[in-house]
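Under the numbering used here, the first residue of the sequence shown is numbered 1445, with each subsequent residue one higher. Where a beta carbon is used, it is the ideal one built from N, C-alpha and C, also for glycine. Being a predicted model, the structure only gives us computed values, none of them experimental.
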Amino acid sequence: MSSDYRPSDYEWIRELLDYPRSLEERLAFFEDTSEVTLPADPIERVIFQERAKSAIRKVAQNRGHLLLVGRPGTGKSLLAEMFEEVLDRSLGDILRPREAIAAFPGKDRNHIRVAYEAPEALDRALAEIRRAVETAQGSVEEFSLEETRRAVRRVRRGLLAAGLAAAAGGFVHPAAWIAAGLAGMGAVFLYLQETQIRVQEKIQQDNAGGGRHDLKPLLDQIPEVLHDPRKEQRLMARIAEPSARNMKGGFRHDPYQSGNLHTPCHKRAFLGAHATAPILYIDELKTLVRVGYLAELLEVMQNRKYYLEGGRNSGSGAADRSENPLRAENILIACCNHDTLAALQQEGDGAFLSRIEDKGEIVHMESAVPETPQAVRAVAQYAAQEVRRLEGEFRRCWGEVLAAEGHEGVRRRCEHIFGRPLPGEFRMEARPLSRAAVMEIVRELRCRASDGKLSAILRPINGVLLAAEFAAIFENAPRVEPAHIRRALGEHLSLEGGLARELIEHRKYLKKYIAALSDSIGYVVGLAVIHSTASGQMFGQPLPIHGQVTAGGADRVTAPGRMGEIAKAAAQNVRASIKRVLDALGAAGVGYEMHVEYIQAHDGVEGDSASVAMDIALVSDFIRQPVNPRYGVTGSLTGEIILAVGGVAEKIRSILDPDLGMEGACVPWLNKHDVEPLLVNAEAEFIRRGDVPGIRIYRGAGRSLPFDVFFCKTKYNAYHILMGIDREALEARMAERIRRDLETLARRGAAAG
């Protein structure tokens, strides 16, 4: 019988065992990350995104636009910040605005005019205007009723003197007392009149404000400075919500709209990012689509100018606008995910994307990159950069305490935080990563990707490195070692990772129950993954499957539960594959109902990576051959060939725990390189069962707890590993089953007749 494998295939599998050694050789240029030299060029601090970095350099030189499209955590925001830093170093003196923007009254109360002027010249002009107003204010005579008050005072004093004279004469002529009383009453009345005149004078002076109220029309003509470039040093404005108000500007509401208290519109005007920032950075273009500003943005990008408008249907600023345009010569840097890109393609027939391509470039960020020597060195650089960043974070958080109380004060305060005593030599200082720890990071990035690539989604790794740093700090270790990284990986899980861990813990008992069955016919342990929507990380989990084939029923395959479209198509593909064998053996007239059950997969199943497991479960039940329940299997079945699937490394890792009782797995031949990261910091050797090659990984010390991974090209290779049966024996058993089914159906037909 011819073999599916060639002699060179076995050499390829043996070469996989050299991966840890070759990886260590690629990292031989340092012992720990303190020896790694960091690049001076800020753009080179972003790793893996070579095409994006090249595009940024071209766009920076041509002052064009840039759209970065990719998954979260690939470095879009970091590249945008680096873009600003590069432009600031190269063209900052040219791009940075030099002229201030001032607003003047326009042709009527609802219009303004804007002017660009050097800030110093504008300061001098405004100072001269204010001095002239102050001079005019001082020339206004103060309101006074002194003449009236003086006349009343003279009459009051005369009446008072006459009253005194009449009172003196009253001792001689009693009738004089009447004249004295009348004179006194008159004097009192005039005193009250004089007091009222003084009060009226004070009220008029206070209301006049020393002449300021009379000068309000003149004060309303003073220009208003809308933007002073000396007060803003950054080239880039980060727009959280790109609306017309934030991007263009407008006019504020005037609460005093009546009488002589209104505020002229040029003093209520304000500018947006278009007029003030050379570079506009929109982190999430989804908000641009949501708020409906895309059409206006396209107009501004086309004309490179715009008019300031009130922008409201009602209110005091609805009718306000500028008579002349504002400049808007902006460089646009935007980021979005792939779902937003689909919306941009539909919006205006892709007008926004066309505008970006006309003046710049659209860059798709890499989610995974090939593991080249340059990529491995970049991982070491990334780790060194993170250590330096954490050093800065520790200084920012604990620098004041360290300066005042020393390391003892930091240790004492940290004991309150962590609720346990810390060693006396405790130091809140970032530790460099050893070479072996960097190898663990490379291993993790390989596991999170497929096809021999490194995952470029690095944001989740930042949290892993922080957790590993704390693990090393609490142990007072001089460096971060692989054990710290592995511990951090176990603690730092995403939402989906925590769910996957709970499922694995739950299925440990389910798997032990299936493994304890004396009759494991039709039961297969498939391997599935959960994808994290936030980080893009995959988390493997065992997926027990049960298959059953019944003769004489409807010729169909049923799979209860929530199955996605791809999983349904995979089930139909398995049915077609088995039916082809049955037809070749003379069972064309026999109807077989195939039932597939994903055991306790309550959240549904999607994908075709379980199609090989489904096929084995159905074949096992059809020929009544037990399946080894201590082996998992994954792969996409097409005819007899097993094709590659995603997440193989994570799937194998999900069943490596010895407590789960698993002893091996069958994976597609095309996924052989995905096993390489599992060999890092582990003992392994080449094995072979029949014609099928594999690798044995030892999970315990002293070459104990072996775990075998076999690489299958066809489904018959998987049959050999999981059921111990070759192709000839399988076909003979299937023919025997078909013969029995035909006899049974014939007897039923005769009895019915």
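Rounded separation between residue i and residue j - CA only
i       : j       : result
Gly1966 : Glu1810 : 42 angstroms
Ile2067 : Leu2174 : 8 angstroms
Asp1532 : Met1526 : 10 angstroms
Asn1690 : Ala1719 : 11 angstroms
Ala1619 : Ala1595 : 30 angstroms
Arg1501 : His1808 : 15 angstroms
Pro1667 : Leu1566 : 10 angstroms
Glu1578 : Glu1590 : 26 angstroms
Gly1970 : Val2092 : 12 angstroms
Met1872 : Phe1914 : 9 angstroms
Leu1679 : Leu2149 : 59 angstroms
Ala1609 : Ala1624 : 8 angstroms
Gly1941 : Arg1771 : Because the pLDDT at Gly1941 is just 45, under 50, the model does not fix this residue reliably, and the value given afterwards should be weighed accordingly. Their backbone Cα atoms lie some 50 angstroms apart in a straight line.
Val2077 : Glu2094 : 13 angstroms
Ile2043 : Arg2074 : 16 angstroms
Arg1656 : His1555 : Caution applies to Arg1656, whose pLDDT of 47 falls short of 50 and renders its modelled position unreliable; the value that the coordinates give is listed next. Straight-line Cα distance between these residues: approximately 25 angstroms.
Glu1561 : Pro1549 : 16 angstroms
Leu2189 : Glu2037 : 14 angstroms
Phe2130 : Leu1460 : 9 angstroms
Ala1434 : Met1629 : Residue 1434 falls outside the range modelled here, since the chain spans only 1445 to 2197, and no answer is possible.
Residue i (DSSP reduced to helix, strand or coil)
i       : result
Arg1533 : helix
Ile1965 : strand
Gly1941 : With a pLDDT of only 45 at Gly1941, under 50, the local geometry of the prediction cannot be trusted, and the value read off the model is given with reservation. Reduced to three states, the DSSP call for Gly1941 is helix.
Arg2068 : coil
Val2119 : helix
Ala1932 : helix
Pro1988 : strand
Met1745 : helix
Glu1475 : coil
Arg1951 : Caution applies to Arg1951, whose pLDDT of 49 falls short of 50 and renders its modelled position unreliable; the value that the coordinates give is listed next. Note: Arg1951 maps to helix in three-state DSSP.
Tyr1751 : coil
His1808 : strand
Ile2139 : strand
Arg2132 : strand
Met2038 : strand
Glu2050 : The predicted model places Glu2050 with a pLDDT of 49, which falls under 50 and marks its position as unreliable, so this point remains unresolved.
Arg1600 : helix
Thr1518 : coil
Val1908 : helix
Sequence-distant residues of the same chain with beta carbon closer than 7 angstroms to residue i, five excluded per side
i       : result
Asp2065 : Ile1965, Gly1966, Gly1991, Gln1992, Val1993
Leu1738 : Leu1732, Glu1791, Phe1796
Val1480 : Phe1474, Ala1824, Gln1825, Ala1828
Lys1520 : Leu1512, Gly1514, Cys1779, Met1809
Leu1471 : Val1820, Ala1824, Arg1879, Val1882, Met1883
Contacting residues, own chain, Cβ-Cβ under 6 angstroms from residue i (five flanking each side not counted)
i       : result
Arg1887 : Pro2121, Val2124
Ile1775 : Arg1507, Ile1723
Gly1804 : Val1503, Gly1508, His1509, Leu1510
Cβ neighbours of residue i in the same chain (closer than 8 angstroms, five flanking residues each side left out)
i       : result
Glu1773 : Pro1722, Arg1748
Arg1515 : Asn1781, His1782, Met1809, Ser1811, Ile1901, Gly1980
Leu1866 : Arg1855, Cys1858, Glu1859, Phe1918
Option nearest residue i by Cα separation, candidates the options
i       : options                            : result
Asp1485 : Ser1498, Ala1848, Pro1667          : Ser1498
Met2138 : Asn1768, Ser1447, Tyr1454          : Note that residue 2138 is Gly in the sequence shown here, rather than Met. Closest by alpha carbon: Tyr1454.
Tyr2160 : Arg2192, Tyr2142, Val2111          : Val2111
Leu1902 : Leu1910, Asp1895, Gly1896          : Leu1910
Glu2084 : Ala2109, Val2056, Ile1806, Glu2094 : Val2056
Phe1473 : Gln1818, Gly1907, Tyr2075, Trp2113 : Gln1818
Leu1626 : Gly1602, Val1643, Glu1638          : Gly1602
Asp2118 : Arg1765, Ile1917, Glu2127, Arg1892 : Arg1892
Asp1698 : Glu1638, Leu1482, Ser1447, Ala1763 : Ala1763
Gly1984 : Lys2023, Ala1881, Ala2109, Ile2086 : Ala2109
Ile2182 : Gly2035, Ala2054, Cys1780          : Gly2035
Ile2096 : Leu1987, Met2167, Thr1518          : Leu1987
Lys1711 : Met2178, Gly1896, Ala2194, Arg1557 : Arg1557
Lys1660 : Pro1708, Leu1670, Leu1636          : Pro1708
Val2071 : Met2106, Tyr2163, Arg1674, Glu2129 : Tyr2163
Ile2169 : Gln1789, Asp2135, Leu1636          : Asp2135
Pro1926 : Ile1917, Glu1919, Glu1935, Ala1912 : Ala1912
heavy atom of the ligand ADP below 7 angstroms from residue i C-beta
i       : result
Ile2060 : Among the components modelled here there is no ligand, and therefore nothing to report on the ligand ADP.
message = Restricting to runs no shorter than 3 residues, where is the beta strand (DSSP E) found entirely within the region 1654-1740?
response = 1668-1671, 1680-1683, 1693-1695, 1713-1715, 1723-1726
- prompt: Curious, which full-length beta strand (DSSP E) runs of at least 3 residues does the region 1810-1875 contain?
  reply: 1812-1814
- What are the uninterrupted segments assigned as alpha helix (DSSP H) that are 4 or more residues long and contained completely in the region 1476-1510, given in chain order? 1494-1506
Which ranges would you report for the alpha helix (DSSP H) in the region 2055-2103 if only whole runs of at least 4 residues count? 2055-2067, 2092-2098
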